[in-house]
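Trainee: Have a look at the structure that comes next, please.
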Amino acid sequence: MSGEGLTVRDLRVSFDGFTAVDGVDLDIGPGDLRFLIGPNGAGKTTLVDAVTGLVRASGSVRFAGQELLGRPVHRIARLGIGRTFQTATVFEELTVLQNLDIAAGAGRGPLTMLRRRGSVPEPVSRALETTGLTGLRDRPAGILAHGQKQWLEIGMLLVQDVRLLLLDEPVAGMSHEEREATGELLRRVAEDRTVVVIEHDMDFMRSYARSVSVLHAGKVLSEGTVAEVQADAKVQEVYLGR
Ligand code: ADP
C-alpha cells in the first residue's frame, strides 16, 4: 500500500582499503517486504549500517525524498527509519506497556509519561494488537519469551511511527511457531510500511519475502521474487559452491 520507498545508488563502504559494500543499487518500493540474503561477509549488515548512518559511505541513499548519507544517526532516525539487532534491547524491569510508552514518548519530552492511569494512547494499543502482546501488556518485559521480546522491539518501532524497518535476523533462535507468528507480523507491518529483513533462514525467506536481493562480496548478485532468485544460476553457485 502506501509508505515511502528506499532508493540506493552506487553505495560503497570501505574499511581500511577493504571494500565491504561495492557499488550497490537497490529500489525497495513502498510497502515492500524485502529480504537481503547472502553468505556471511557479503555486506548485508554494513549496507544496513550505511542506511542508518552508523558507517560512512559514498553514493546515495534516499528515503521519502531525502538524502540520508552524511546525516547523523539521530536525524536519520527522525525521518522514520528504525532498526532492530539480533539481540532485542528492551527494558526488562518495565512492563510491555511501559516499554511501548517510553518508545512512543521518545523525543517528545517527559509529559507523555504523565498521562492518566489506564488510558492507553491509540498508537500504543494498536502496536499491542499488531504484535499480539495485548494480553501481556502489564507483565515485565524480562519475563517474555525470546520471540515476544523481538515482537515488543518491533512494536517499539511502530509506536515511533517508523516507516522503514530494517530488521537483522528477526527469527534467529525462534521456535517454528514463533517464526510463523513473526512472518505474519511482518506481513501486517508491511501493509503500510516498508520492511527490509537481513535473513539466513531460507525457509522463512521463501515463505514471507515479497522480493529478495542476494548480496555477494559487496555486490547485488541477483534480485527478484523468491522464485526468480532461486532459479538464478549465479545464486545456486554461491550457495551450493558449484
Ligand atoms: P554480512 O552482514 O553479509 O555477514 P558484513 O556487512 O558484516 O557482512 O561484513 C562485510 C565485510 O566487511 C566482511 O568481510 C567483514 O569482515 C567486513 N567488515 C564489517 N565491518 C567491519 C569493520 N568495522 N571493520 C573492518 N571490516 C569490517
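Following the numbering used here, the numbering of the sequence shown begins with 18 at its first residue and continues without gaps. For every residue, glycine included, the Cβ atom is placed at its ideal position computed from N, Cα and C. Here the structure is a predicted model, which means the values were calculated and not measured.
#1: Between F32 and the ligand ADP, is the CB less than 8 Å from at least one heavy atom?
#2: Could you round the C-beta distance between S228 and T211 to whole angstroms and report it? I think they count as a contact, below 8 Å.
#3: When the Cβ atoms of the region 230 to 241 are set against those of the region 202 to 210, are three or more pairs found closer than 8 Å?
#4: Please name the residue or residues paired with D155 in a DSSP beta bridge.
#5: Could you tell me if Q103 is buried or exposed, where buried requires 16 or more neighbouring beta carbons within 10 angstroms of its beta carbon?
#6: The ligand ADP and D66: does the residue's C-beta get closer than 8 Å to at least one heavy atom of that ligand?
#7: Could you check how far apart the C-beta atoms of L183 and V90 are, in whole angstroms? I think they sit under 8 Å.
#8: Measure from the alpha carbon of T106 to the alpha carbon of each residue in A158, L153 and G200, then state which is nearest.
#9: Roughly how many angstroms lie between the CA atoms of Y225 and R29, to the nearest whole one?
#10: Measure the alpha-carbon distance for I54 versus E109 and round it to whole angstroms.
#11: Using only alpha-carbon positions, find the residue among D49, S31, G34 and T36 that is nearest to T24.
#12: Rounded to whole angstroms, what is the Cα-Cα separation between M219 and V188?
Mentor: On the basis of the coordinates in this document:
#1: yes
#2: About 11 Å; that fails the 8 Å criterion.
#3: no
#4: According to DSSP, which records beta bridges pairwise, D155 is partnered with nothing at all.
#5: exposed
#6: yes
#7: With a Cβ gap of about 13 Å, L183 and V90 do not count as contacting.
#8: A158
#9: 29 Å
#10: 31 Å
#11: D49
#12: 11 Å
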